[in-house]
Amino acid sequence: MNLPKTLSEKLFASIEEILKLPKSAIYILQVLSKEKEATIEKLMELANISRRTAHECLKKMRDYGLVKRKASEIEGRLRYVYFLAPLPEIIEVLRKTLQRKLKNLEELQKRLGDEQNE
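In this text, residue positions in the sequence shown follow our numbering: the first is 129, and each later residue adds one.
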């Protein structure tokens, strides 16, 4: 992802705020943005996080659709290499999440209105 620095900072801030991801997940996204792809070992080193934290964050971000992985043979071993989803897919994840939150608020508002009218 080749966005100007301030734009990528805004994107990461939006991801953190909308999806409520921990800082360690945002660090991983930032590393992947710069490195294009990385193994879990490289992510651990560059984001300064534990293996467990890296696994948890990557699973959550893969579930959201922010990060993808592919199997790759590295030094004679099969390993996963992680990379960011394309920007339009990331924006779509954020948009759908905001729509879902707005729908929940509208339903809450309707229920509160129904209770007051009883």
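Just so it is clear, CB atoms sit at the ideal spot from N, CA and C, and this is done for glycine as well.
For residue 211: DSSP bridge partner residues: 196
Closest by C-alpha distance to residue 216, when choosing among 229, 193, 203: 193
Option nearest residue 145 by Cα separation, candidates 243, 226, 233, 240: 226
Cβ contact (3+ pairs, closer than 8 Å) linking the stretch 148 to 160 and the stretch 221 to 240: no
Short Cβ contact (7 Å threshold) for residue 179 with residue 172: yes
Cβ neighbour criterion (16 or more within 10 Å) applied to residue 141: exposed
Coil, strand or helix - residue 156 by DSSP: helix
Integer-rounded CB distance, given that residue 195 should sit under 8 Å from residue 206: Not really, about 19 Å apart at Cβ, beyond 8 Å.
First through last residue of the alpha helix (DSSP H) which encompasses residue 175: 168 to 175
Own chain residues within Cβ distance below 6 Å of residue 253, not counting five before or after: Outside the modelled stretch of the chain, which goes from 129 to 246, sits residue 253, for which no answer is possible.
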